[in-house]
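What follows is a single structure, written as structure tokens, with notes after it.
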Amino acid sequence: MRIHVAEHPLIAHKLTALRDRNTDSPTFRRLSDELVTLLAYEATRDVRVSPLEVQTPVSPARGVRLAAPKPLVVPILRAGLGMLDGMVRLLPTAEVGFLGMVRDEGTLVASTYATRLPDDISDRQCYVLDPMLATGGTLIAAIRLLAARGARDVTAICLLAAPEGIAKLDQELAGHPIPVTVVTAAVDDHLNEHGYIVPGLGDAGDRLYGVV
Ligand code: URA
1 MRIHVAEHPL IAHKLTALRD RNTDSPTFRR LSDELVTLLA YEATRDVRVS
51 PLEVQTPVSP ARGVRLAAPK PLVVPILRAG LGMLDGMVRL LPTAEVGFLG
101 MVRDEGTLVA STYATRLPDD ISDRQCYVLD PMLATGGTLI AAIRLLAARG
151 ARDVTAICLL AAPEGIAKLD QELAGHPIPV TVVTAAVDDH LNEHGYIVPG
201 LGDAGDRLYG VV
């Protein structure tokens, strides 16, 4: 498992505003959207392309285009939905699948309540959107599911990660058959006893959508 912490002043600026408890939901949604687009730029460094020649007004030019099969973007419901627009802005031709996962706030164990993926994801590059890599349980379950269906590789985009979640991913995915990369804006200090990232930004779903 590879972890990439995207260091950039604009990323740090937007993340700081997201952390601020006084940031309201509309601003939180706009900032996370912008932040995801910046993280997506880093996360798609290895997206597959194939050669393409075009004609400029002056001469032929060699370039590239996104290769088939199309990348698959998979937001994890609910909070990952707040990252979808920012991601597909950069990869408009990607297909989108959905995973509904919820963690039991007592045991912190993740369970899947909805799966909506294309029938065939074999050889696809998959981009999983999950804002908070906390205990790692949800992300591990999502990666295993995508790998079992034949994904070529999985890149997770997380706004924030906790050291405990990264260690768990490393341990659980050691020797895992497909490459896994996590791209995040920051690795925070620790998880508290309720499984929240400290200092973190609170409950990402609640801050995006209001407490439900
Ligand atoms: N999920 C969240 O929304 N926030 C955390 O800090 C941890 C998990």
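With the first letter of the sequence shown counted as 1, position 166 gets the number 166 in the UniProt record's numbering; the numbers rise by one all the way through.
Glycine included, C-beta positions come from ideal geometry on N, C-alpha and C.
- With a cut-off of 8 Å on Cβ pairs, the region 167-176 is not in contact with the region 41-48, counting fewer than three such pairs.
- Inside the region 157-199, DSSP marks whole beta strand (DSSP E) runs of 3 or more residues at positions 180-187, from first to last along the chain.
- Look at M1 here: in three-state DSSP terms it is coil, with no helix or strand label.
- Segment contact: the region 26-38 against the region 82-91, three or more CB-CB distances shorter than 8 Å; contact assigned.
- Nearest Cα to H190 within the set R116, G100, P163: P163.
- Counting of Cβ neighbours within 10 angstroms places P92 among the exposed residues, the total staying below 16.
- If you look at M101, you'll find it in the beta strand (DSSP E) that goes 98-103.
- The closest heavy atom of ligand 1 lies less than 7 Å from the beta carbon of M132.
- At least one heavy atom of ligand 1 sits closer than 7 Å to the Cβ of A204.
- Taking the C-beta atoms as reference points, M87 is found no nearer than 8 Å to A142.
- A direct Cα-to-Cα measurement between H8 and L117 gives close to 33 Å.
- In this structure D130 is buried. Its beta-carbon is surrounded by 16 or more other beta-carbon atoms within 10 angstroms.
- Judged by DSSP in its simplified three-state form, G210 adopts coil rather than helix or strand.
- Relative to D153, the option among G137, G136, H176 whose CA is nearest is H176.
- Of all alpha-carbon atoms in T16, I197, A161, A156, the one lying nearest the alpha-carbon of Y127 is that of A156.
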